[in-house]
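Presented below is the structure to which this report refers.
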Amino acid sequence: MKFQASVLLLLVANLTNGHILPQQYLELVETPDNTVIEANIPNSLMDTVFGDLINTESVIQTKSDKLASGELSYDEVGTLKTTNYHSYYESKKINFPDKDDVSDIVSDTNLYSGIVSFAHLPIKQCFENLDEEIDIAIVGAPFDSGVSYTPGTRFGPNGIRQGSRRLFGGISPIRGNSKDSKLYRLPIYNTGLKLVDCGDVPMIPFDARVALDQLYRGQHAIHKHKTSSNSTNFDRTRVVTLGGDHTVSLMNIKSAYETFKNSNDDGLAIIHFDSHIDTWDPKVLGGGITEYASLNHGTFLHYAAEAGYVSHNHSVHVGIRAPYISDYDEKHDKECGFQTITSKDVDTLTPRGVGRKIKEIVGDRPVYLTFDLDTFDAGMINSGTLEAGGLNSREIMTILDELEGIKLVGCDIVEVSTPPNSIGNDITGLLAAQVIDELIGLMVVSEL
Ligand SMILES: [Mn+2]
0 MKFQASVLLL LVANLTNGHI LPQQYLELVE TPDNTVIEAN IPNSLMDTVF
50 GDLINTESVI QTKSDKLASG ELSYDEVGTL KTTNYHSYYE SKKINFPDKD
100 DVSDIVSDTN LYSGIVSFAH LPIKQCFENL DEEIDIAIVG APFDSGVSYT
150 PGTRFGPNGI RQGSRRLFGG ISPIRGNSKD SKLYRLPIYN TGLKLVDCGD
200 VPMIPFDARV ALDQLYRGQH AIHKHKTSSN STNFDRTRVV TLGGDHTVSL
250 MNIKSAYETF KNSNDDGLAI IHFDSHIDTW DPKVLGGGIT EYASLNHGTF
300 LHYAAEAGYV SHNHSVHVGI RAPYISDYDE KHDKECGFQT ITSKDVDTLT
350 PRGVGRKIKE IVGDRPVYLT FDLDTFDAGM INSGTLEAGG LNSREIMTIL
400 DELEGIKLVG CDIVEVSTPP NSIGNDITGL LAAQVIDELI GLMVVSEL
């Protein structure tokens with residue numbers, strides 16, 4: 000039997016020592032050995048802090064019932080039984096380590112601490128120390144001397160790294176498009192492959208020719224590294240480049256082509272995510288006034304095709320929606336070897352269908368994937384040339400995951416504009432970092 004005699008015993012404001020004592024409730028309960036005792040219902044710290052707000056009559060009743068049934072005992076709740084603050088805090092005293100003990104602070108374990116690298120990867124000087132084995136290298140290309148509209152992408156590598164701080168191991172529940180996918184729940188940063196952040200190639204802002212040559216030599220140096228014994232399908236380091244305006248991709252593709260071209264030497268299959276075609280004839284975009292002006296972020300794929308880096312009929316634009324300047328642009332684009340999937344094609348094909356179509360186009364050739372941030376809808380990001388009618392982040396993640404199995408030899412994300420004092424840098428960096436995370440996933444899974 001049980002006595003229903005909850006009594007609010009007291010609420011004491013102990014003003015003499017500056018503490019308000021918690022409410023205590025007197026209860027007569029029958030213990031399992033049939034003894035009736037008069038007891039205070041144990042208070043938790045929450046009870047102490049929130050009082051009646053938490054310790055309602057029904058809560059008191061529940062606790063009383065559990066004490067009576069033996070489900071809850073005073074021994075078990077002893078540490079919660081708080082009759083005054085002093086005893087509670089006395090039991091929670093902290094023991095500080097010895098002053099010479101730094102074991103808990105030597106490594107970067109907070110998502111918001113440490114010297115910022117992409118996804119907290121180790122930072123290496125990769126342009127020398129060529130004996131260092133690297134499977135996947137991140138490198139920044141801070142450059143915006145080739146833009147036709149909004150500058151600011153020289154700050155892109157920093158913006159992407161800032162946006163990547165919450166990428167730190169773990170298992171994404173939405174990686175991979177099905178449970179049969181090798182990407183599904185794959186911890187991409189912890190598979191045994193060696194991933195490093197090589198910092199940025201310092202690209203001078205005053206002469207695009209010198210800057211692009213610096214980038215090319217930086218890429219070439221990284222490509223000299225061998226992979227680790229954990230790499231099964233690649234013997235040279237694969238590079239993920241953080242841009243930079245889209246002009247930088249010409250140097251990235253050039254070095255990747257020289258390192259990974261197949262025996263037929265018919266170029267790399269280029270997967271080009273963008274709202275613009277970027278194959279513009281230099282005479283059309285920029286007017287062909289000087290040779291110097293001819294190479295820019297809207298013409299770099301024209302030059303890539305001219306140089307033989309683009310595998311004809313196995314390369315594709317994805318997300319196109321910006322207007323052609325004239326009909327000639329479309330004709331010239333096909334001559335450069337590209338097929339086109341527009342942003343509205345995503346409506347009819349679905350994101351997974353788009354992924355499947357891209358895979359059909361590139362086949363088993365070595366692939367370079369270049370991702371212009373303006374693939375995203377204009378409402379989401381800061382980029383060199385924003386365009387309405389774009390894709391959202393989930394559509395992009397699904398399309399990229401569907402590419403599982405392609406032979407991805409290199410990739411970049413460009414047109415990430417995160418200049419100082421600009422609203423929206425955080426979300427721009429975050430979305431760019433997420434695309435890189437997806438691309439690293441594709442690179443890692445191609446080793447499995
Ligand atoms: Mn572009």
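At position 61 of the sequence shown the residue is numbered 60 (numbering that gives the first Met the number 0), and the sequence of numbers has no breaks.
Where a beta carbon is used, it is the ideal one built from N, C-alpha and C, also for glycine.
All values derive from a computational prediction rather than experimental measurement.
With 16 other Cβ atoms within 10 Å as the buried cut-off, status of residue i
i	result
Lys98	exposed
Asn420	exposed
Pro322	exposed
Thr108	exposed
Asp234	exposed
Leu166	buried
Ile324	exposed
Tyr188	buried
Asp206	exposed
Val345	buried
Leu295	It is Asn, not Leu, that sits at residue 295 in the sequence shown. So Asn295 ends up on the buried side.
Lys178	exposed
Ser262	exposed
Glu305	exposed
Tyr327	exposed
Pro96	exposed
Thr289	exposed
Reduced DSSP secondary structure (H/G/I, E/B, other) of residue i
i	result
Ala387	coil
Tyr111	coil
Arg184	coil
Arg160	helix
Leu166	coil
Ala140	strand
Pro96	coil
Pro350	helix
Thr289	coil
Tyr448	Outside the displayed range of the chain (0 to 447) lies residue 448, so it cannot be described from this structure.
Val434	helix
Ser254	helix
Thr149	coil
Val247	helix
Val309	strand
Ser106	coil
Leu284	coil
Gln124	coil
Arg208	helix
Ala268	strand
Lys80	Because the pLDDT of Lys80 is 44, which lies under 50, any placement of that residue in the model is unreliable, and the number read from its coordinates should be weighed accordingly. Correct three-state label for Lys80: coil.
Cβ neighbours of residue i in the same chain (closer than 8 Å, five flanking residues each side left out)
i	result
Ala220	Cys125, Phe126, Glu127 and Leu129
Gln338	Asn312, Ser314, Val315, His316 and Ile360
Gln213	Val200, Pro201, Met202 and Ile203
Gly449	No answer is possible for residue 449: the residues shown for the chain start at 0 and end at 447.
Tyr111	Arg164
Ile340	Val315, His316, Val317, Gly318, Ile319, Leu348, Val353, Lys356 and Ile357
Tyr215	Met250, Lys253 and Ser254
Which listed residue (the options) has its alpha carbon closest to that of residue i
i	options	result
Ile170	His331, Gly440 and Glu446	Gly440
Ile269	His316, Thr289, Leu192 and Leu402	His316
Thr384	Asp400, Asn261, Ser392 and Glu414	Glu414
Gly145	Ala292, Asp363 and Pro121	Ala292
Ala303	Leu241, Glu257 and Ser262	Glu257
Ser147	Val239, Ser57 and Leu284	Leu284
Gln433	Glu403, Leu241, Asp363 and Ile59	Leu241
Phe259	Asp103, Arg208, Gly318 and Asn232	Asn232
Thr480	Thr190, Gly428 and Asp264	Because the chain is modelled from 0 through 447, residue 480 falls outside the range shown and cannot be assessed.
Ile422	Val115, Ala67, Gly158 and Val239	Gly158
Ser496	Gly404, Asp100, Gln60 and Gly266	Missing from the structure shown is residue 496; the chain here goes from 0 to 447 and no further.
Lys343	Gly389, Tyr367, Asp363 and Gly307	Gly389
Gly139	Asn229, Phe154, Leu407 and Val105	Phe154
Other residues of its chain near residue i: CB distance less than 7 Å, five sequence neighbours each side excluded
i	result
Phe299	His245, Thr246, Ser248, Leu249 and Asp277
His331	Thr278 and Asp280
His301	Thr278, Trp279, Asp280, Pro281 and Cys335
Gly297	Ser147, His275, Asp277, Trp279 and Leu284
Leu430	Phe375, Met379, Ile380 and Ser392
Arg355	Glu401
Gln218	Val238, Met250, Asn251 and Ser254
Cβ neighbours of residue i in the same chain (closer than 6 Å, five flanking residues each side left out)
i	result
Phe117	Ile137, Arg160, Ser163 and Asp196
Ile133	Lys193, Val195, His224 and Thr236
Ala387	Ala377
Lys65	Leu71
Val444	Lys181, Leu182 and Glu403
Cβ of residue i within 8 Å of any chain D Cβ
i	result
Ile114	The question asks about chain D, but that chain is absent: this structure has only one protein chain.
Legend entry - Sufficient close CB pairs (3 or more, under 8 Å) joining the stretch 392-403 to the stretch 224-242: Flag = no, the stretch 392-403 and the stretch 224-242 do not touch.
Legend entry - Cβ contact check for the stretch 400-415 and the stretch 368-376: 3 or more pairs under 8 Å: Touching, per the Cβ criterion.
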